[in-house]
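Peer 1: Just so you know, the protein sequences line up as chains A and X, in that order. So the first sequence is residues 370 to 710, counted in this note's numbering. So the second sequence is residues 370 to 710, counted in this note's numbering. Just so it is clear, CB atoms sit at the ideal spot from N, CA and C, and this is done for glycine as well.
2 protein chains.
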Amino acid sequence: MDKRTEIGSIGEFGLINRLAQPFHSPHPWTSLGIGDDAALLQADGLEVVSTTELLIEGVHFDLAYCPLTHLGFKVVSVALSDVAAMNAKPTQISIGLGLSNRFSVEAVEELYAGIKLACEEYKIDLVGGDTTASPNGLIISISALGLVSPTKLTKRSGAKANDVICVTGDLGGALLGLQSLEREKQVYLANPSMQPELDGKSYVVMRQLKPMARFDILHELKELGVVPTSMIDCSDGLASEIIHLCQASNTGARIFEKNIPIDDETYLSATEFNLSPLTAALNGGEDYELVFTVSQADFEKVEKLADVSAIGYMTDVINERVLIMKSDQIIDLTAPGFGQA
Amino acid sequence: MDKRTEIGSIGEFGLINRLAQPFHSPHPWTSLGIGDDAALLQADGLEVVSTTELLIEGVHFDLAYCPLTHLGFKVVSVALSDVAAMNAKPTQISIGLGLSNRFSVEAVEELYAGIKLACEEYKIDLVGGDTTASPNGLIISISALGLVSPTKLTKRSGAKANDVICVTGDLGGALLGLQSLEREKQVYLANPSMQPELDGKSYVVMRQLKPMARFDILHELKELGVVPTSMIDCSDGLASEIIHLCQASNTGARIFEKNIPIDDETYLSATEFNLSPLTAALNGGEDYELVFTVSQADFEKVEKLADVSAIGYMTDVINERVLIMKSDQIIDLTAPGFGQA
Numbered sequence: 370m371d372k373r374t375e376i377g378s379i380g381e382f383g384l385i386n387r388l389a390q391p392f393h394s395p396h397p398w399t400s401l402g403i404g405d406d407a408a409l410l411q412a413d414g415l416e417v418v419s420t421t422e423l424l425i426e427g428v429h430f431d432l433a434y435c436p437l438t439h440l441g442f443k444v445v446s447v448a449l450s451d452v453a454a455m456n457a458k459p460t461q462i463s464i465g466l467g468l469s470n471r472f473s474v475e476a477v478e479e480l481y482a483g484i485k486l487a488c489e490e491y492k493i494d495l496v497g498g499d500t501t502a503s504p505n506g507l508i509i510s511i512s513a514l515g516l517v518s519p520t521k522l523t524k525r526s527g528a529k530a531n532d533v534i535c536v537t538g539d540l541g542g543a544l545l546g547l548q549s550l551e552r553e554k555q556v557y558l559a560n561p562s563m564q565p566e567l568d569g570k571s572y573v574v575m576r577q578l579k580p581m582a583r584f585d586i587l588h589e590l591k592e593l594g595v596v597p598t599s600m601i602d603c604s605d606g607l608a609s610e611i612i613h614l615c616q617a618s619n620t621g622a623r624i625f626e627k628n629i630p631i632d633d634e635t636y637l638s639a640t641e642f643n644l645s646p647l648t649a650a651l652n653g654g655e656d657y658e659l660v661f662t663v664s665q666a667d668f669e670k671v672e673k674l675a676d677v678s679a680i681g682y683m684t685d686v687i688n689e690r691v692l693i694m695k696s697d698q699i700i701d702l703t704a705p706g707f708g709q710a
Numbered sequence: 370m371d372k373r374t375e376i377g378s379i380g381e382f383g384l385i386n387r388l389a390q391p392f393h394s395p396h397p398w399t400s401l402g403i404g405d406d407a408a409l410l411q412a413d414g415l416e417v418v419s420t421t422e423l424l425i426e427g428v429h430f431d432l433a434y435c436p437l438t439h440l441g442f443k444v445v446s447v448a449l450s451d452v453a454a455m456n457a458k459p460t461q462i463s464i465g466l467g468l469s470n471r472f473s474v475e476a477v478e479e480l481y482a483g484i485k486l487a488c489e490e491y492k493i494d495l496v497g498g499d500t501t502a503s504p505n506g507l508i509i510s511i512s513a514l515g516l517v518s519p520t521k522l523t524k525r526s527g528a529k530a531n532d533v534i535c536v537t538g539d540l541g542g543a544l545l546g547l548q549s550l551e552r553e554k555q556v557y558l559a560n561p562s563m564q565p566e567l568d569g570k571s572y573v574v575m576r577q578l579k580p581m582a583r584f585d586i587l588h589e590l591k592e593l594g595v596v597p598t599s600m601i602d603c604s605d606g607l608a609s610e611i612i613h614l615c616q617a618s619n620t621g622a623r624i625f626e627k628n629i630p631i632d633d634e635t636y637l638s639a640t641e642f643n644l645s646p647l648t649a650a651l652n653g654g655e656d657y658e659l660v661f662t663v664s665q666a667d668f669e670k671v672e673k674l675a676d677v678s679a680i681g682y683m684t685d686v687i688n689e690r691v692l693i694m695k696s697d698q699i700i701d702l703t704a705p706g707f708g709q710a
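1. Rounded to the nearest angstrom, how far is the Cβ of Pro646/X from that of Ile624/X, given a contact under 8 angstroms?
2. Please state whether the Cβ-Cβ distance between Met600/X and Thr648/X is less than 8 angstroms.
3. Run the CB neighbour count on Gln411/A, radius 10 Å, all protein chains shown included, and call it buried at 16 or more, exposed below.
4. Taking its Cβ as the centre, do 16 or more other Cβ atoms sit within 10 Å of Pro561/X, making it buried, or is it exposed?
5. Rounded C-beta distance between Ser450/A and Asp602/A? I'm assuming under 8 angstroms.
6. Taking DSSP as the reference, what is the three-state secondary structure of Thr714/A?
7. For chain C, is any of its Cβ atoms less than 8 angstroms away from the one on Glu422/A?
8. Using the three-state DSSP reduction, which class does Arg525/A fall into: helix, strand or coil?
9. State the DSSP-derived secondary structure class of Asn386/X, mapped to helix, strand or coil.
10. Do Gly606/A and Thr684/A have their beta-carbon atoms positioned less than 8 angstroms apart in this structure?
11. Helix, strand or coil for Ile611/X per DSSP?
12. Mind pulling the chain A residues with CB within less than 7 angstroms of Ser510/X?
13. DSSP state of Glu416/A, grouped into three classes?
14. Assuming Leu614/X and Arg525/X are in contact, meaning their beta carbons sit under 8 angstroms apart, how far apart are those beta carbons, in whole angstroms?
15. For the candidate residues Gly681/A, Asp413/A, Leu593/A and Gly541/A, whose alpha-carbon lies nearest to that of Asp667/A?
16. With DSSP collapsed to three states, give me the class of Thr662/A.
17. Checking 8 angstroms against the spacing of the C-beta atoms, do Lys695/X and Lys627/X come in under that value?
18. Pair every Cβ in the segment 472 to 492 of chain X with every Cβ in the segment 432 to 441 of chain X, then say whether three or more of these pairs are closer than 8 angstroms.
19. By Cβ distance, which residues of its chain are closer than 6 angstroms to Val533/A, with the 5 residues on each side in sequence left out?
20. For Met370/A, name the three-state secondary structure that DSSP assigns.
21. Taking Ala407/A as the reference, give the member of Thr421/X, Asp431/X and Gln564/X with the closest Cα.
22. Put Phe472/A into one of helix, strand or coil per three-state DSSP.
23. Using a C-beta cutoff of 8 angstroms, does Glu416/A count as contacting chain X?
24. I'd like to confirm the pairing. Which residues does DSSP put opposite Arg690/A in its beta bridges?
25. Any C-beta of chain X sitting closer than 8 angstroms to the C-beta of Ser503/A?
26. Excluding the 5 residues flanking Glu689/X on each side, which residues of the same chain have their C-beta closer than 6 angstroms to its C-beta?
27. Give a yes or no on whether 8 angstroms exceeds the smallest Cβ distance from Met370/A to chain X.
28. Taking buried to mean at least 16 other C-beta atoms within 10 Å of its own C-beta, is Met370/X buried or exposed?
29. Using the beta-carbon count (16 or more within 10 Å), is Ala704/X buried or exposed?
30. Per DSSP, what are the beta-bridge partners of Gln533/X in this structure?
31. Who are the neighbours of Gly498/A on chain X, taking C-beta pairs under 7 angstroms?
32. If you measure beta-carbon to beta-carbon, which residues of the segment 423 to 445 of chain A are closer than 9 angstroms to chain X?
33. Assess contact between the segment 578 to 590 of chain X and the segment 452 to 471 of chain X, defined as three or more Cβ pairs (one per stretch) separated by less than 8 angstroms. Is contact present?
34. Could you check the C-alpha separation between Lys492/X and Pro519/A for me, to the nearest Å?
35. Where Val596/A and Ala530/X are concerned, what is the direct C-alpha to C-alpha distance, given to the nearest angstrom?
36. Can you tell me which of Asn619/A, Ala608/A, Thr635/A and Ala675/A puts its alpha carbon nearest to the alpha carbon of Ile693/A?
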């Protein structure tokens, strides 16, 4: 049987010390890490990028099918994806944990193993945090810092008419991964002796459980000498992100169904679940790809990149945010988060 | 009857826009505030201080007696108190909110009214945030940034033997405020027509509901040309903070009961609740005063400050962390958060 250490037996500070142990050798930019009232960052003339996320059990994740190690990795990716969307280099994260007494020290260590993997993957420092009791389940807050030179900084607001709209990777997979895991959970609840049936679902499941912030693409763009004119990360679905870019840049947008990148496994899984693959891409969310715009001139360079798709272009018709279907039908992009206002 | 707008009716982004509305005119250091993937800070050769707090309904606050406006102010004070403890100037905060459907748009606006008051009080910018659903109650995560010149930076670790240990304001009040509010809640639950009886409790109640981060004292120290050798904020109680300073600085500490500042109202309330005023100061927590050390030479300057008390001194006897009672009895300082490890 697995060892179970109650958090009460080592105390809050005991827990913090134990969790902080594997995180050493801070980077040069971290002048002070875990163990003081706050952390320090040396910015050296660059701009400091900051972002915060709050993830709540039962809303953002279900521990029935999300292993704690994967969850730890994912929360870091989610926060860093916002740093990537500013074209910045990530430097530091801090974690706040709310833990119900269901969680042992070992469980929290599993979560932190995933956080550590992510710190290594993204070459960042964990510099602080806060652990506290929670009456219900697990609550994770994460704040991330990054650095960017003012000339490389990419906001949502810089797109111009005729700029090409690009998206990295493929879309909709994370939602289908969630659907697959949710179905297996129901099967398991009905009959715990059933084996999970995730054959042909490995890609979409990993899209859900272990998303990556796309610093690899930022690196490729940098090599090409391209700074996007605007950028956002795809956390709520493509439709929502396009609307955000248009609102901030004061542009319209025309995107084409035929150009939206959707993986075969996503497509097949969607069919199986009676979902539209297009809807999964437009409104599924959680793919954490980057949506960005580049000038026509820069697009000639970007076109060569294997993992970037041009999906449409910006227009000067404000409030025109449309999808041109394969059937040539034109429909308005809508997104749930914007409410009825 | 008060107006109640369901959050669903204006959508997540509608809510964010509505909350962000009153927060304009960002300071020069904020090169980008709310409305992008992340916020930006211009550090201009200074060190960037960052800190994160997570506050959970039923653990850190009880809305039965903590008005939302006060809560908004308090969460900012709690986060900035950590920035103060580095001797840094606060610049920016981000807020993450988890909201159950019990909360209307108007309720969230009340919370944000308190956050705005605090932003004005502390002259900082709200630069971002995240709102999300919560299955149970209200969850608030707050991250704060600040700036400090490397020569002014004060860590926990700089204290030397013979340095004087100082504390700002007075201690123990926040716990007695909590006790008073908790008693009124029980009275109210037993008989809702009873009027609250908080006569003679106004000071301790405000200590609990509206703590202040002590930037006023940092300003006075700066005027005197004094940089503390070590500093921490008093969130968990004096005993815990002294132990932290000793651990980080590799010193021992001797503090004197007779010198620990306790307000008369705190003293009287403690007697009424059958609590020891000394225990309230040592282990009560939530006072958000500063505990710091200064060299003997600097102490001559600091001594003049009205709201600073010298309570003891650092020693070179590591692991000696003792309280000398009025009776001359010597007892070891202990703190619950350190567990049995």
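Peer 2: Checking against the coordinates, here is how it stands:
1. The residue labelled residue 646/X in the question sits at position 277 within the second sequence. The residue labelled residue 624/X in the question sits at position 255 within the second sequence. The Cβ separation is near 15 angstroms, so there is no contact.
2. In the second sequence, counting from the first residue as 1, residue 600/X sits at position 231. In the second sequence, counting from the first residue as 1, residue 648/X sits at position 279. Result no, Cβ atoms of Met600/X and Thr648/X do not sit closer than 8 angstroms.
3. Along the first sequence, one-based indexing puts residue 411/A at 42. A residue is called buried once 16 or more other Cβ atoms fall within 10 Å of its Cβ, and Gln411/A is buried on that count.
4. Locating residue 561/X in the second sequence gives position 192, where the first residue counts as 1. It is exposed - the Cβ of Pro561/X has fewer than 16 other Cβ atoms within 10 Å.
5. The count along the first sequence starts at 1 and reaches residue 450/A at position 81. The count along the first sequence starts at 1 and reaches residue 602/A at position 233. Yes, they are in contact, since the Cβ atoms of Ser450/A and Asp602/A sit about 4 angstroms apart, within 8 angstroms.
6. With chain A covering 370 to 710 only, the question about residue 714/A has no answer from this structure.
7. In the structure shown, chain C does not exist; the protein chains are A and X.
8. Translated into positions along the first sequence, residue 525/A becomes position 156. Arg525/A falls in the coil class under three-state DSSP.
9. Residue 386/X sits at position 17 when you count from the first residue of the second sequence. In the structure shown, the three-state DSSP call for Asn386/X is helix.
10. Residue mapping note: residue 684/A aligns to position 315 of the first sequence, counting from 1. Residue mapping note: residue 606/A aligns to position 237 of the first sequence, counting from 1. No; because the gap between Cβ atoms is not below 8 angstroms, this pair is not in contact.
11. Looking up residue 611/X in the second sequence gives position 242. Three-state DSSP puts Ile611/X in a helix.
12. Position 141 of the second sequence holds residue 510/X. For Ser510/X, the neighbours in chain A by C-beta distance under 7 angstroms run, in chain order, Thr421, Leu423, Gly465 and Ser510.
13. Residue numbering aside, residue 416/A sits at position 47 when the first sequence is read from its first letter. DSSP places Glu416/A within a strand segment (E or B) once states are collapsed to three.
14. The residue you call residue 614/X lines up with position 245 of the second sequence. The residue you call residue 525/X lines up with position 156 of the second sequence. Between Leu614/X and Arg525/X the beta-carbon gap is near 6 angstroms, inside 8 angstroms, which marks them as a contact.
15. Counting from 1 along the first sequence, the entry for residue 667/A is found at position 298. Minimum Cα distance to Asp667/A is reached at Leu593/A.
16. Taking the first sequence and counting its residues from 1, one reaches residue 662/A at position 293. Reduced to three states, the DSSP call for Thr662/A is strand.
17. Position 326 of the second sequence holds residue 695/X. Position 258 of the second sequence holds residue 627/X. Their beta carbons are under 8 angstroms apart, which means Lys695/X touches Lys627/X by this criterion.
18. Yes, since at least three Cβ pairs between the segment 472 to 492 of chain X and the segment 432 to 441 of chain X fall closer than 8 angstroms, the two stretches touch.
19. In the first sequence, counting from the first residue as 1, residue 533/A sits at position 164. Setting aside the 5 residues that flank it on each side, Val533/A is surrounded in the same chain by Val663, Phe668, Ala679 and Tyr682, each with a C-beta closer than 6 angstroms to its C-beta; the list follows chain order.
20. Locating residue 370/A in the first sequence gives position 1, where the first residue counts as 1. Residue confidence for Met370/A is low, a pLDDT of 46 falling below 50, so the modelled location carries little weight; the figure read from the coordinates is stated next. Met370/A falls in the coil class under three-state DSSP.
21. If you number the first sequence from 1, residue 407/A lands on position 38. Comparing Cα positions, the closest option is Thr421/X.
22. Translated into the one-based positions of the first sequence, residue 472/A becomes position 103. Phe472/A falls in the coil class under three-state DSSP.
23. One-based indexing of the first sequence puts residue 416/A at position 47. By this cut-off, Glu416/A is an interface position.
24. Within the first sequence, numbered from 1, the residue matching residue 690/A stands at position 321. The partner list for Arg690/A (beta bridge, DSSP) reads Ala622/A.
25. Working through the first sequence from its first residue, we reach residue 503/A at position 134. By this cut-off, Ser503/A is an interface position.
26. As a first step, residue 689/X must be located in the second sequence, where it is residue number 320. Residues of the same chain with a CB within less than 6 angstroms of the CB of Glu689/X, apart from the 5 flanking positions on each side, are Gly621 in chain order.
27. As a working note, residue 370/A is residue 1 in the first sequence. Legend: pLDDT at Met370/A = 46, less than 50; position of this residue unreliable, value from coordinates given subsequently. Judged by the 8 angstroms Cβ criterion, Met370/A is not in contact with chain X.
28. Sequence index remark: in the second sequence, residue 370/X carries index 1 (1-based). Confidence at Met370/X is low in this model, with a pLDDT of 46, below 50, so the placement of that residue should be treated as unreliable; the coordinate-derived value is given next. Around the beta carbon of Met370/X, fewer than 16 other beta carbons lie within 10 angstroms, which makes this residue exposed.
29. For the purposes of this step, residue 704/X is taken as the residue at position 335 of the second sequence. With 16 or more other Cβ atoms within 10 Å, it is buried.
30. As a position in the second sequence, residue 533/X is number 164, starting the count at 1. It is worth fixing the name first, because residue 533/X is Val in this sequence and not Gln. Paired residues: Val663/X and Tyr682/X.
31. Looking up residue 498/A in the first sequence gives position 129. Chain X residues near Gly498/A: Thr421.
32. So the close ones are Leu423, Leu424, Ile425, Glu426, Gly427, Val428 and His429.
33. Three or more beta-carbon pairs separated by less than 8 angstroms link the segment 578 to 590 of chain X to the segment 452 to 471 of chain X, which places the two stretches in contact.
34. Taking the second sequence and counting its residues from 1, the one referred to as residue 492/X is at position 123. Taking the first sequence and counting its residues from 1, the one referred to as residue 519/A is at position 150. Whole-angstrom Cα-Cα distance: 25 angstroms.
35. Along the first sequence, one-based indexing puts residue 596/A at 227. Along the second sequence, one-based indexing puts residue 530/X at 161. Annotation: Val596/A to Ala530/X spans about 54 angstroms, alpha carbon to alpha carbon.
36. Looking up residue 693/A in the first sequence gives position 324. A check of alpha carbon separations from Ile693/A across Asn619/A, Ala608/A, Thr635/A and Ala675/A identifies Ala608/A as the nearest.
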